[in-house]
């Protein structure tokens, strides 16, 4: 399978190929960077490309895997992060033009955990300025411009995790990290037809993330399958002493290792009818 074909698929599929050394993390990363530089820019989905860091991380992943050290299903997989997560030495502008030169001296906890899992950061992704703190009346209220929906470029991708939703839907990255106070993961996921997971408050630490609401902000994955969201959540969830709001004890089972159910019988799915009562164009 070619790197481009692998990038079109899921993280779980690419991870199998990477682990079995049928797919090079460097080649996969280069394919992602190429798409971000062309399609990503035309969708206004990219805040900053992290080419140098990405290739460094991809080469390290390739060497580790070749030597028999496999970190897990995110090892060598390219991803993008919403531009409100601090990234050492990389501009983190929070979607606001006056803050485009802002940098931090260390990675946000989520970025650090993904690096420890072997994931490759290829881009900081566009967002509505200050995560929608000034409202959503103007989709172009972003230093990157109005992010386009890859399924219909005349339409907005929704926000505030605009670039995370658009780049995941367009298969520019294996997965993306978004954040949500009220709808900022769910709306771009719905508009783009991807799977977004808004975790329980406190499940994923927010150290190093711009705060919109200390009592409501959540960080979560956006991917092309529920399984991929599970894999990413397994890497980023867990207590962080630097974030007093993060849950002190692990909740439930190991998300990265839990096998999918072999039989759906016995499960119940709840539907919140008011949420599905209207269809928005």
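Numbering (the numbering used here), first residue to last: 149 to 429.
Using N, Cα and C, we set each Cβ at its ideal position, and we do this for glycine too.
Owing to the predicted nature of the structure, the values given are computational and were not obtained by experimental measurement.
- Contact check for residue 226 against residue 258 fails: the beta carbons are separated by 8 Å or more.
- Counting only runs of at least 3 residues, the region 272 to 348 fully encloses the following beta strand (DSSP E) elements, listed from N- to C-terminal order: 300 to 304, 323 to 328.
- In the structure shown, residue 382 falls within a helical segment according to DSSP collapsed to helix, strand and coil.
- Check the Cα spacing between residue 370 and each of 380, 361, 178: the tightest is with 380.
- Listed in chain order, the alpha helix (DSSP H) elements of length 4 or more contained wholly in the region 189 to 277 are 199 to 214, 257 to 264.
- For residue 359, no alpha helix (DSSP H) encloses it, and the DSSP letter there is neither H nor E.
- Between the region 314 to 326 and the region 180 to 194 there are three or more C-beta pairs closer than 8 Å, enough to call the two in contact.
- Apart from the 5 residues on each side of it in sequence, residue 337 sits with its Cβ closer than 7 Å to the Cβ of 313, 343, 344, 370 in its chain, given in chain order.
- Residue environment: residue 249 is assigned as exposed (fewer than 16 neighbouring CB atoms within 10 Å of its CB, all protein chains considered).
- Spanning the alpha carbons of residue 332 and residue 374 requires a straight line of approximately 18 Å.
- When the five nearest sequence neighbours on each side are left out, the beta carbons in the same chain lying within less than 6 Å of the beta carbon of residue 223 are those of 209, 266, in order along the chain.
- When rounded, the separation of the alpha-carbon atoms in residue 179 and residue 372 is 17 Å.
- Contact check for residue 357 and residue 232: beta-carbon distance about 6 Å, within the 8 Å limit, so the pair qualifies.
- At least 8 Å separates the beta-carbon of residue 159 from that of residue 326.
- Burial state of residue 292 is buried, judged by a 10 Å Cβ sphere holding 16 or more other Cβ atoms.
- In terms of Cα proximity to residue 218, the closest of 169, 348, 228 is 169.
- Taking C-beta separations shorter than 7 Å and ignoring five residues to either side along the sequence, the partners of residue 395 in its chain run 350, 351, 387, following chain order.
- Residue pairing of residue 368 in beta bridges, as defined by DSSP: 326.
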